[in-house]
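Residue numbers (the UniProt record's numbering): 1 to 162. Built from N, CA and C at the ideal position, the CB exists for glycine as well. To start, the structure under review is shown below, and the notes come after it.
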Amino acid sequence: MSQTPLIMMVFGDRRRLTARPETYHQLMDDARNAFGSKAVNLTVHCTSKSREPEFELDQSAYRAVEDGWVLRLEPKAAPIIKLELTGETFSLRISPAATVEELETAVEARVGIYPEEYDIIFNGLQLDYDETLERHSITDNDTLNLIRTGLNRQSTSYYHPA
């Protein structure tokens with residue numbers, strides 16, 4: 001009887017020792033189930049048993065993964081389309097696991113608008129500060145609206161062709 005190869009799956013600060021799934025797709029499904037991630041797209045970074053430098057694992061090379069390897073999984077950063085209050089559009093690449101607070105920090109760094117000056121609206125609803133983008137079902141190329149707070153509310157919208 002042959003021994004089942006074992007791998008270590010890492011997602012954030014969580015680790016799980018598991019039998020090596022037969023296919024790359026099964027690895028993705030197992031990782032989503034094990035770590036409770038609904039992220040559709042995960043990137044797999046791999047470290048061999050000999051502790052060589054980490055590298056990104058392509059789906060076509062999954063057969064090369066051997067017993068004892070460490071596979072670190074992370075959500076792929078998705079471009080989140082935003083709209084500046086001046087009517088100019090801009091994109092941000094940010095992880096679906098990022099919170100709305102982290103998104104606000106990225107907007108401030110990019111265009112210098114303080115979070116107190118606007119609300120972020122998606123599908124007609126104001127986003128919850130502590131929730132993740134993934135929790136709000138925000139995915140690749142979704143449009144988010146910045147609406148100025150205060151008496152003179154100014155709404156903007158943007159169409160982003162796929």
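For residue j and residue i, the rounded distance between their alpha carbons
i, j, result
"Ile94", "Val100", "11 Å"
"Leu7", "Asn33", "Residue 7 is actually Ile in this sequence, not Leu. Approximately 16 Å between the Cα atoms of the pair."
"Leu146", "Glu88", "11 Å"
"residue 241", "Asp13", "Past the edges of the chain, shown from 1 to 162, lies residue 241, and the structure says nothing about it."
"Pro115", "Ser50", "46 Å"
"Gln3", "Leu17", "15 Å"
"Asp58", "Arg148", "43 Å"
"Ala98", "Gln26", "25 Å"
"Ala162", "Asn141", "Any reading at Ala162 must be qualified, since the residue scores a pLDDT of 48, below 50, and its modelled position is unreliable; the value itself is stated next. Their Cα atoms are separated by approximately 7 Å."
"Ala19", "Cys46", "16 Å"
"Ile113", "Asp128", "18 Å"
"Gln126", "Asp29", "31 Å"
"Asn123", "Ile138", "10 Å"
"Leu42", "Leu92", "18 Å"
"Phe11", "Glu74", "6 Å"
"Gly36", "Met9", "13 Å"
Given residue i as reference, the closest of the options once Cα atoms are compared
i, options, result
"Ile121", "Thr143, Asp130, Val111", "Thr143"
"Val44", "Arg15, Ser137, Phe55", "Phe55"
"Ser60", "Glu22, Leu103, Gly112, Thr105", "Glu22"
"Pro53", "Trp69, Glu108, Tyr62", "Trp69"
"Arg135", "Glu117, Ser48, Tyr24, Pro96", "Pro96"
"Pro5", "Leu42, Arg63, Arg15", "Arg63"
"Leu133", "Glu104, Phe11, Ser48, Glu108", "Glu104"
"Glu131", "Tyr118, Glu102, Arg15", "Glu102"
Beta-bridge partners of residue i, as assigned by DSSP
i, result
"Ser118", "According to the sequence provided, residue 118 is Tyr. The question's Ser does not apply to it. Beta-bridge pairing links Tyr118 to Arg148."
"Ser48", "Partner(s): none; Ser48 has no beta bridge."
"Val70", "Met8, Thr47"
"Leu125", "Phe122"
"Thr99", "Thr132"
Fill in: Runs of beta strand (DSSP E) wholly within the stretch 8-43 (minimum 3 residues, chain order)
14-19
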